[in-house]
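Student: Residue numbers (full-length UniProt numbering): 1 to 312.
Even glycine gets a Cβ: it sits at the ideal position worked out from N, Cα and C.
Please read all numbers here as calculations on a predicted model, not as lab measurements.
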Amino acid sequence: MTSVNEATASRLPTVLIVDDDRVNRAALAEALQSDCRLLLAKDGESALQRLREEDVSLVLLDISMPGMDGYEVLHLIKSDPQRADLGVIFITGQASEADEERGLLLGAADYITKPVRPTIVRARVNIHLKLAAQRRELERLSREDWLTGLANRRSFEEAFARAIRGAMEHDQPIGVALLDVDHFKQFNDRYGHAEGDRALQAVARVLAEMTGRSGEIAARYGGEEFVLLKSGPHDLAAFLDEVRTKVTGLGILHEASATAGVLTVSLGGVVAQAAGLDTPAALLRRADELLYTSKRDGRNRVTVAEYVPAAG
Ligand SMILES: [Mg+2]
1 MTSVNEATAS RLPTVLIVDD DRVNRAALAE ALQSDCRLLL AKDGESALQR
51 LREEDVSLVL LDISMPGMDG YEVLHLIKSD PQRADLGVIF ITGQASEADE
101 ERGLLLGAAD YITKPVRPTI VRARVNIHLK LAAQRRELER LSREDWLTGL
151 ANRRSFEEAF ARAIRGAMEH DQPIGVALLD VDHFKQFNDR YGHAEGDRAL
201 QAVARVLAEM TGRSGEIAAR YGGEEFVLLK SGPHDLAAFL DEVRTKVTGL
251 GILHEASATA GVLTVSLGGV VAQAAGLDTP AALLRRADEL LYTSKRDGRN
301 RVTVAEYVPA AG
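Rendered as structure tokens:
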């Protein structure tokens with residue numbers, strides 16, 4: 001809306017209003033313009049198009065529209081797994097209980113009857129925006145490691161499975177590596193667990209900085225172990241060595257380390273070609289063996305190998 005400045009608008013949740021009647025669209029927009037960023041659509045096709053392009057928190061959907069009606073739009077929204085959780089409020093023309101029932105059975109979150117009353121619209125919309133925000137927050141928390149803010153193991157495993165499918169589809173190599181903080185138990189014993197947590201957070205910040213591009217993921221795998229994923233052609237050994245150097249460069253004092261006076265990490269990584277791709281578990285097992293090699297050879301080092309699938 002032009003009445004809302006862009007800086008404010010970018011923080012407001014986005015609501016999509018779908019109604020074939022210009023006067024109704026304007027009435028709904030007027031009621032909601034101070035609470036949200038608004039998108040308007042006059043038919044089902046353009047509504048679905050907007051949903052593909054924009055990050056929408058809630059949809060107000062007219063039932064009766066020429067062409068694709070509201071039921072059909074709702075059905076298409078709910079049958080898309082990516083959008084099945086999206087809140088949809090039905091706008092029913094006449095106070096028809098049958099319409100309301102059908103809409104709710106199809107998965108609508110609520111309904112509003114026309115003619116719309118601004119205070120009711122605002123109240124209902126705000127309730128559903130609050131629910132949508134809570135849902136998003138839960139979703140975020142369920143994918144994030146609480147200590148470091150990196151992806152957690154569960155969300156990494158989903159991303160890894162997707163990346164393997166993508167690598168096979170596009171005939172691209174994929175690299176995966178495990179990173180372990182050297183002598184971390186001794187670090188905790190010497191400096192305490194709060195310092196240990198801060199050290200893990202500092203390592204995580206390095207990993208987050210190093211994995212900003214698409215196809216790159218860093219996650220906390222558990223304890224002081226992290227996992228890195230890099231899709232497409234690249235020099236995994238050079239990448240991992242930069243990670244290692246940057247962690248050493250943090251200069252986190254570690255007087256109990258037998259390796260160096262500062263906190264260091266050991267890494268093991270595999271590069272798999274699309275043709276030789278195996279299960280995520282097999283690739284991680286191999287990365288873990290190579291990590292062990294780095295540990296055995298003195299820590300604060302990187303070991304990388306081409307992945308060779310087991311025969312048979
Ligand atoms: Mg209509």
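(1) The beta strand (DSSP E) with Y71 in it runs from where to where?
(2) Relative to the alpha-carbon of L200, which residue among L263, R122, N126 and V59 has its alpha-carbon at the smallest distance?
(3) DSSP three-state call for G298: helix, strand or coil?
(4) Verify whether the separation of the beta carbon atoms of T14 and D55 is less than 8 Å.
(5) What are the complete beta strand (DSSP E) segments, minimum 3 residues, inside the UniProt domain "Response regulatory" (14-129)?
(6) Going by DSSP, which residues form a beta bridge with R220?
(7) Output the residue ranges of the alpha helix (DSSP H) runs that lie fully inside the UniProt domain "GGDEF" (172-307) and measure 4 residues or longer, sorted by chain position.
(8) Let me know the secondary structure DSSP gives A310 once reduced to three states.
(9) Buried or exposed: residue 325, going by 16 or more other Cβ atoms within 10 Å of its Cβ?
(10) Skipping 5 residues on each side, what residues in its chain have a beta carbon closer than 8 Å to that of G251?
(11) Alpha carbon to alpha carbon, how far is P280 from G192? Give it in angstroms, no decimals.
(12) Going by Cα to Cα distance, which pick from G93, E216 and A98 is closest to A159?
(13) Whose C-alpha, out of Y292, V271 and L290, is nearest the C-alpha of E306?
(14) Alpha carbon to alpha carbon, how far is A26 from R37?
(15) Identify the continuous alpha helix (DSSP H) that holds A167 and give its terminal residues.
(16) Quick check on the burial criterion: 16 or more other C-beta atoms within 10 angstroms. Buried or exposed for R220?
(17) Could you tell me whether the Cβ atoms of V265 and L179 are closer together than 8 Å?
Tutor: Reading it off the structure:
(1) For the purposes of this step, residue 71 is taken as residue 71 along the sequence shown, with counting starting at 1. DSSP places Y71 outside any beta strand (DSSP E); the residue lies instead in the alpha helix (DSSP H), whose first and last residues are G70 to K78.
(2) Residue 200 sits at position 200 when you count from the first residue of the sequence shown. Nearest C-alpha to L200: L263.
(3) Translated into positions along the sequence shown, residue 298 becomes position 298. Residue state, collapsed to three classes: coil.
(4) Residue mapping note: residue 14 aligns to position 14 of the sequence shown, counting from 1. Residue mapping note: residue 55 aligns to position 55 of the sequence shown, counting from 1. Yes, they are a contact pair.
(5) The UniProt domain "Response regulatory" (14-129) contains these whole beta strand (DSSP E) runs: 14-18, 37-41, 58-62, 87-92 and 110-113.
(6) Position 220 of the sequence shown, counted from the start, is the residue given in the question as residue 220. Beta-bridge pairing links R220 to F226.
(7) For the alpha helix (DSSP H) assignment, the uninterrupted runs of no fewer than 4 residues enclosed by the UniProt domain "GGDEF" (172-307) are, from N- to C-terminal side, 184-191, 193-210, 236-249 and 280-296.
(8) Position 310 of the sequence shown holds residue 310. Of the three classes helix, strand and coil, the one that applies to A310 here is coil, per DSSP.
(9) There is simply no residue 325 to check, as the chain begins at 1 and stops at 312 in what is shown.
(10) As a working note, residue 251 is residue 251 in the sequence shown. Excluding five sequence positions before and after G251, the CB atoms of its chain that fall closer than 8 Å to its own CB belong to V262, given in chain order.
(11) As a position in the sequence shown, residue 192 is number 192, starting the count at 1. As a position in the sequence shown, residue 280 is number 280, starting the count at 1. The straight-line gap from Cα to Cα measures roughly 35 Å.
(12) Taking the first residue of the sequence shown as 1, we reach residue 159 at position 159. That would be E216, whose Cα lies nearest to the Cα of A159.
(13) On the sequence shown, position 306 is the one that residue 306 refers to. The candidate whose alpha carbon is nearest that of E306 is V271.
(14) Here residue 26 refers to the residue found at position 26 of the sequence shown. Here residue 37 refers to the residue found at position 37 of the sequence shown. Pairing A26 with R37, the inter-Cα distance amounts to about 14 Å.
(15) Here residue 167 refers to the residue found at position 167 of the sequence shown. Per DSSP, A167 is one residue of the alpha helix (DSSP H) stretching across R153 to E169.
(16) Walking along the sequence shown from the start, residue 220 turns up at place 220. Answer is buried; the Cβ neighbour count reaches 16.
(17) What you label residue 265 is simply residue 265 of the sequence shown in a count that begins at 1. What you label residue 179 is simply residue 179 of the sequence shown in a count that begins at 1. At the C-beta level, V265 and L179 come within 8 Å of one another.
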